[in-house]
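As structure tokens, the structure follows; a few thoughts come after it.
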Amino acid sequence: MSHKRDKSNWLIFILIFFLFLVLIIIFNRLLRTSSLIAPGNVSGQNEIPIKTPLQKAVEKAMEEAQGTYSIVIKNMKTGENLEQLENKSYEPGSLYKLWLMSAVFEKISLGEIKEGEILSRDIAFLNKEFNIAPRDAEMANGVVTLSVKDALHQMIAISHNYAALLLLEKLKTSNLKAYIKKISLLNSDTGTPPRTTPADTVLFLEKLYKGELVSPEYSKRMMELLKEQKLNDGLPKYLPEKAQIAHKTGDIGYFKHDAGIVFADSGDYIIVVFSESKSPGGAQERIALLSKAVYEYFTSVKL
């Protein structure tokens, strides 16, 4: 009889111990769950981000815009900035000419290219060399002849494609590719087609503004070339005449881009807008309106 009672007591003890372990496991799980839904986390999830005045100005200018837009703005005096889809990759259109300009000036600074050197090639040769399809070629026959200095000017000021191809043939695509990496444009490439991002374009312009491309002297020369831009229906369109801007456009297919530096008494700023839409003409007007809104915002802010 005593033996049966002892056995029964052991069974009760084991059962109680097992239930105790189960309760501990359940309690631990409840603790983990409660930490996941703690008041701090809930309020964080429901918290509405506060928009800056610059964000509000940009959003208002972009109301009802059709297509995809990447926008980067940086005030070089105050550091105030805005970034929207800055790492999205795009075909750059003629924005690749920024890289080419800087790479050629580096070779000039090293004495490997002379500004007075005359470059001359058959149009048909350039079209074939750079795989330009007949439907995309601006010209099919003839000869293009320019000095290096004039080719640089026409490539930037009027975005002359064959001036750019003359320079690229002289420089070599492999050297341009190496130069892009040298100046840390890590998300840009000279492939077919070329690719870049708004963030890389801002980095290029910031280096240019600080005199860090090639040398302060050559950075200044590049800035002056960009100030001579003649294609001004984007960023500069609605800016007052007193506003100076150094910029470069990039158009191809559904892509419409404009990137530049605006010089203003209230503080110089970089503005880069990339777009992809079914209406490149509409995108260009939107870029102009956005540029106007950003200029008015910065000139109205008390710094």
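Oh and the sequence shown: position 83 is 83 in full-length UniProt numbering, straight run, nothing missing. We put the beta carbon where it would ideally sit given N, CA and C, even for glycine.
Are the beta-carbon atoms of L166 and L119 separated by less than 7 Å? Yes, these two residues count as a Cβ contact at 7 Å.
Determine the extent of the beta strand (DSSP E) in which Y269 is found, giving its start and end residues. Y269 to E276
Go to A103, then tell me how far its beta strand (DSSP E) extends in each direction, as first and last residue. No beta strand (DSSP E) holds A103; the alpha helix (DSSP H) holding it covers Y96 to S109.
The region 270–278 contacting the region 109–126, beta-carbon criterion three pairs below 8 Å: Short answer: they don't touch.
Per the DSSP calculation, E83 is bridged to which residue(s)? V72
Nearest candidate by alpha-carbon position, reference V214, set K107, I252, P194 and I261: Of the listed residues, the one whose Cα sits closest to V214 is K107.
Exposure label - V144; buried when at least 16 CB within 10 Å: Its Cβ being crowded by 16 or more others within 10 Å, V144 is buried.
For the alpha helix (DSSP H) containing T299, name the first residue and the last one. P280 to S300
What residue from K51, E59 and K242 has the CA that sits closest to A293's CA? Of the candidates K51, E59 and K242, the one whose C-alpha sits nearest the C-alpha of A293 is E59.
Where DSSP assigns a beta bridge to A259, which residues make up the other side? K248 and V272
Just to confirm, is the Cβ distance from A103 to L176 under 7 Å? yes
Mapping DSSP to helix, strand and coil, what is A120? A small fix is needed here, since residue 120 is Ser in this sequence, not Ala. Three-state result, S120: strand.
For I16, three-class secondary structure by DSSP: In this structure, I16 counts as helix in the three-state DSSP scheme.
Just curious, the alpha helix (DSSP H) that V214 is in, first and last residue? It is not in any alpha helix (DSSP H) - V214 carries neither H nor E in the DSSP assignment.
What do you reckon, are the CB atoms on G93 and G250 nearer than 7 Å? yes
Which residues in the same chain have their Cβ closer than 6 Å to the Cβ of P236, if we skip the five residues on either side of it in sequence? I245
Can you look up R221 in the DSSP assignment and give me helix, strand or coil? Three-state DSSP puts R221 in a helix.
When you compare only the Cα positions, how much space is there between T196 and Q84? Those two C-alpha atoms are separated by around 15 Å.
Rounded to the nearest angstrom, what separates K56 and S266 at their Cα positions? Cα to Cα, K56 sits roughly 19 Å from S266.
Can you tell me which of the three DSSP states D189 falls into? Three-state DSSP puts D189 in a strand.
Taking L110 as the reference, which of L205, L171 and K207 has the closest Cα? L171
According to DSSP, what are the bridge partners of L146? DSSP lists L119 as partners of L146.
Could you check which residue in R135, Y162 and A259 has the C-alpha nearest to that of E86? A259
How about the region 62–82 and the region 181–196: do they share at least three Cβ pairs that are nearer than 8 Å? Short answer: they don't touch.
Taking the C-alpha atoms as reference points, what is the distance between V301 and K128? Straight-line measurement puts the Cα of K128 at about 52 Å from the Cα of V301.
Go to K205, then tell me how far its alpha helix (DSSP H) extends in each direction, as first and last residue. Here residue 205 turns out to be Leu, not Lys, going by the sequence shown. Looking at the DSSP string, the run of the alpha helix (DSSP H) that includes L205 is P198 to Y209.
In chain order, what residues of the same chain lie with their CB nearer than 6 Å to the CB of S219, ignoring the 5 residues before and after it? L208, G211 and L213
Compute the beta-carbon to beta-carbon distance between Q229 and I156, rounded to the nearest angstrom, for a pair I have assumed lies under 8 Å. That pair is a contact at about 7 Å.
Mapping the DSSP letters down to three states, classify Y238 as helix, strand or coil. coil
Quick one: Cα of R286 to Cα of I113, how far? 40 Å
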